[in-house]
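2 protein chains.
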Amino acid sequence: MDNELLQQFFEGDTRALARIITRVENRSADSLEILQQLFPRTGKAEIIGVTGSPGSGKSTLVDRLAVSYRQKGKKLGIIAVDPSSPFTGGAILGDRIRMQTLGTDPGIYIRSMATRGHLGGLATATADVVSVLDAAGKDPIVVETVGVGQDEIEIVKLADVSLVVLVPGMGDDIQALKAGIMEIGDVFVINKCDRPGVDKMERAVLAMLSLAHRAGGWQPPIVKTSATKGEGIEELVETIGRCQEFFRTSSHRIQKKREAARQRLMTLLEERLVNTALQKVFPNGELNRVVDEIAERRQDPYSVVEQIIKSSTFGRS
Amino acid sequence: MDNELLQQFFEGDTRALARIITRVENRSADSLEILQQLFPRTGKAEIIGVTGSPGSGKSTLVDRLAVSYRQKGKKLGIIAVDPSSPFTGGAILGDRIRMQTLGTDPGIYIRSMATRGHLGGLATATADVVSVLDAAGKDPIVVETVGVGQDEIEIVKLADVSLVVLVPGMGDDIQALKAGIMEIGDVFVINKCDRPGVDKMERAVLAMLSLAHRAGGWQPPIVKTSATKGEGIEELVETIGRCQEFFRTSSHRIQKKREAARQRLMTLLEERLVNTALQKVFPNGELNRVVDEIAERRQDPYSVVEQIIKSSTFGRS
Chain C
1 MDNELLQQFF EGDTRALARI ITRVENRSAD SLEILQQLFP RTGKAEIIGV TGSPGSGKST
61 LVDRLAVSYR QKGKKLGIIA VDPSSPFTGG AILGDRIRMQ TLGTDPGIYI RSMATRGHLG
121 GLATATADVV SVLDAAGKDP IVVETVGVGQ DEIEIVKLAD VSLVVLVPGM GDDIQALKAG
181 IMEIGDVFVI NKCDRPGVDK MERAVLAMLS LAHRAGGWQP PIVKTSATKG EGIEELVETI
241 GRCQEFFRTS SHRIQKKREA ARQRLMTLLE ERLVNTALQK VFPNGELNRV VDEIAERRQD
301 PYSVVEQIIK SSTFGRS
Chain H
318 MDNELLQQFF EGDTRALARI ITRVENRSAD SLEILQQLFP RTGKAEIIGV TGSPGSGKST
378 LVDRLAVSYR QKGKKLGIIA VDPSSPFTGG AILGDRIRMQ TLGTDPGIYI RSMATRGHLG
438 GLATATADVV SVLDAAGKDP IVVETVGVGQ DEIEIVKLAD VSLVVLVPGM GDDIQALKAG
498 IMEIGDVFVI NKCDRPGVDK MERAVLAMLS LAHRAGGWQP PIVKTSATKG EGIEELVETI
558 GRCQEFFRTS SHRIQKKREA ARQRLMTLLE ERLVNTALQK VFPNGELNRV VDEIAERRQD
618 PYSVVEQIIK SSTFGRS
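Chains as they are written, first to last, in the numbering used here: chain C, 1 to 317; chain H, 318 to 634.
Right, here's the structure in full:
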């Protein structure tokens, strides 16, 4: 392991931070060891999840939140998870523009993560990057995601407080709200609140909230913002603070942390076990041949898995 | 394993089919053995993926496609993957209504899958259910998903032909199109084509397609439909057929099948290895205690994983 790099990281060097994140994201050989070294310094940051459809203005909202937290003397980490381009990779233009506006402030560290190529899944990679930022003393850490896929929901589960960003007049209101997000939102933000349809959207949210089962006894508030105009931001920051305070002592939060720990452990186990088994059973890359045989239907994957488990000493008990 | 059940399944018994799907979905003890038995009978069905936002009318469209395929004498399987309610489970109302209209036709088998509780992920569970329907002689098998999360993209990769359903006037057109779907669509459907904004949507799709990198040499056509009125359905069926024909002989398809085989193998390996290791290392459920210790930050997950790997004979080589 690169002790000099860790040393620089602990001294607060931003380039060391960036390099460590890259290693962790790419699952380089020493990445788990690095995370192990950082672990004692983690667990302090408040994690704020922000989710919303494309076009809901959530990036602008996050930028406004960032400015407000900076004014309160906080050092932020922002992780923009961008699942929009799983087949091409690369940061999207919007993020590059953002990094030019906020990125000059050394108190804000912004990282974009594309979906592509995360062994163990995007949620794991995001959890690891959160850990690194946490160890680097960033607090709060804002994790921004699009949409409502299972991956995004896993990511939102990392958060202590989850914001769902809605926009008035969003297509079929109820349909848009249906998709799982009512149950993950701790705070609902109706952004672009200068547009028509705010009251209708608010009623739709309230109606859905009255139906949804909610754990933990927190009644999610609705905050109206106009991120581009900077309206409602302080109220939102204050609301996030109340929610953090509420959950800090709740059994719901303990349960959530436990679920996150289990998820983390399972994903790490999968990754390490599969890698170890494949290295052992197919030391010379015979895996590709076996994959071809399955694709050509000359073998079935179930039998192959049993063979791998038997061939690793693992199966012999 | 329940040989009588398999026997009934092979005789075409629908209740046996339903029970086998349930076992496979729930990962019951004999599920992998069942899949192994079914494997020789799979690989024949054409798999059609249908993805689109909530409100795009894709369920109605799938129903219309089903009727058309039925008229051509085909026996269909329809899998409606519903990631909308990950925390509550259960089929949504819409699917129950559908099953009343189409479900009386023994030539159509409809199954709803919620996100909740699929060990190994929703994509794996969907792949397994596709295999069961394939072995039951359903062809084509239509897999219908919402949205553009990573999970949905994995599901779409199962398909031989992927339809992306759009609606004119959908929010910010470009934003909605951005999200990865341009690269997974083989056929673009502009549904609700009696609404204003069809030309604008068509231009947006064409513009995005001209930018997107496409493998395999297929130029995705755009088909306009009005599912509620039954318009454009035959053209869509014909277009799907052309696309199937195009890919049947393409190297792109071989590559896609290879990727699917690799994915399948890896997920099965993860599942079996983790289960075997946990049973061996924590035979009496000590896993919960370890998870608690991680949640309370008394242990770090990285060290726990190393301990598990060492404690299973697996680590000793």
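C-beta atoms are modelled at their ideal positions from N, C-alpha and C, and glycine is treated no differently.
This one's a predicted model, so the numbers in the text were calculated from it and none came from an experiment.
- Not a single C-beta of chain H is nearer than 8 Å to the C-beta of D128(C).
- Identification of chain C residues near M583(H) by a Cβ-Cβ cut-off of 8 Å yields V274, ordered along the chain.
- In summary, the residues of the stretch 39-53 of chain C whose CB is separated from some CB of chain H by less than 7 Å are F39, G43, in the order they occur in the chain.
- For V146(C), the secondary structure class from DSSP, reduced to helix, strand or coil, is strand.
- Between the stretch 611-626 of chain H and the stretch 265-276 of chain C, the count of Cβ pairs shorter than 8 Å is three or higher; the stretches touch.
- Around the C-beta of R565(H), fewer than 16 other C-beta atoms lie within 10 Å, and the residue is accordingly described as exposed.
- Taking a cut-off of 8 Å on C-beta distances, the stretch 35-52 of chain C touches the stretch 121-134 of chain C, as three or more cross pairs fall below it.
- Residues of the stretch 281-302 of chain C with a C-beta less than 7 Å from any C-beta of chain H: V291, D292, I294, A295, R297, D300, P301, Y302, listed in chain order.
- Within chain H, the residues L582, L585, L586 have their CB atoms less than 9 Å from the CB of V304(C), given in chain order.
- Cβ neighbours of I625(H) within its own chain (closer than 7 Å, five residues either side excluded): A594, V598.
- Straight through space, the alpha carbons of G216(C) and H252(C) are spaced by roughly 5 Å.
- For I21(C), there are no neighbours in chain H by C-beta distance under 9 Å, as the nearest C-beta there is about 17 Å away.
- Closer than 8 Å at the C-beta level to chain H, one finds these residues of the stretch 237-262 of chain C: I254, K257, R258, A260, A261, R262.
- The Cβ atoms of K157(C) and E259(C) sit closer than 8 Å to each other.
- In the structure shown, R289(C) falls within a helical segment according to DSSP collapsed to helix, strand and coil.
- Per DSSP, reduced to three states, the secondary structure at V167(C) is coil, with no helix or strand assignment.
- Put simply, the CB of Q353(H) is near chain C, with a gap under 8 Å to one of its CB atoms.
- Beta-bridge analysis with DSSP links T368(H) to T462(H), V481(H).
- Counting every other CB atom within 10 Å of its CB across the protein chains shown gives N508(H) a total of 16 or more, marking it as buried.
- Residue range 515-528 is occupied by the alpha helix (DSSP H) that includes M518(H).
- R520(H) counts as exposed, since fewer than 16 other beta carbons sit within 10 angstroms of its beta carbon.
- Around the beta-carbon of G602(H), fewer than 16 other beta-carbon atoms lie within 10 Å, marking it exposed.
- The beta-bridge partner set that DSSP reports for E231(C) consists of S226(C).
- Less than 8 Å divides the Cβ of L480(H) from the Cβ of V504(H).
- With fewer than 16 other Cβ atoms from the protein chains shown falling within 10 Å of its own Cβ, K546(H) counts as exposed.
- D199(C) sits exposed, since fewer than 16 C-beta atoms from the chains shown fall within 10 Å of its C-beta.
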